[in-house]
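One point on numbering: in the working numbering, the residue at position 2 of the sequence shown is 13, and numbering is uninterrupted.
Contents: one structure, followed by commentary.
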Amino acid sequence: MSEHYEVQQALALFFKGINENDASIIPLTPDVVISGPMMPERKSGEAEVRQYLSEIAPFIASVTPKESLIEGGGAAVIVTFEMLNGTVIEGAEFFRVRDGLICQDQVFFDTRVLFKGTH
């Protein structure tokens with residue numbers, strides 16, 4: 012199996028897990044790290060990351076990958092997050108995949124969209 016295919020498969024399971032609110036199917040390494048704009052500090056380790064993904068998934072109606080660039084074990088993915096309240100956020104996720112398992116996810120989006128109209 013090629014590295015490119017392994018990355019594609021890992022990402023497909025990641026987005027399926029988020030969209031179906033089932034973090035158990037997301038392939039993660041034991042030392043996985045995730046960080047993003049709504050986290051005061053990064054989450055690390057399979058149990059902590061899986062717990063975090065399980066906690067946020069119910070608030071996300073869908074995450075749709077729009078474009079991706081895969082090079083070696085890395086991937087940059089432009090995504091659209093649709094929240095349960097109808098808010099749509101454009102963002103990007105940068106993944107590292109090792110042996111078919113996600114070992115890093117860095118999430119980027121403009122958080123101001125979440126707080127629009129709350130003043």
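From the three backbone atoms N, C-alpha and C, an ideal C-beta is built for every residue, glycine too.
Bear in mind the structure is a predicted one, so any value in this text is a computation, not a measurement.
Exercise. Specify, as a first and last residue, the run of the alpha helix (DSSP H) that residue 65 falls within.
Key: 57–67
Quiz item: How long is the line joining the alpha carbons of residue 15 and residue 119, rounded to whole angstroms?
Solution: 23 Å
Quiz item: Are at least three pairs of beta-carbons, each pair with one atom in the segment 48–58 and one in the segment 26–34, less than 8 Å apart?
Solution: no
Quiz item: Which one of 112, 92, 72, 101 has the shortest CA to CA distance from residue 44?
Solution: The shortest Cα separation from residue 44 among 112, 92, 72, 101 belongs to 112.
Quiz item: If you run the structure through DSSP and keep just helix, strand and coil, what is residue 24?
Solution: helix
Self-check item: Residue environment, residue 80, which counts as buried when at least 16 other CB atoms sit within 10 Å
Solution: That one is exposed.
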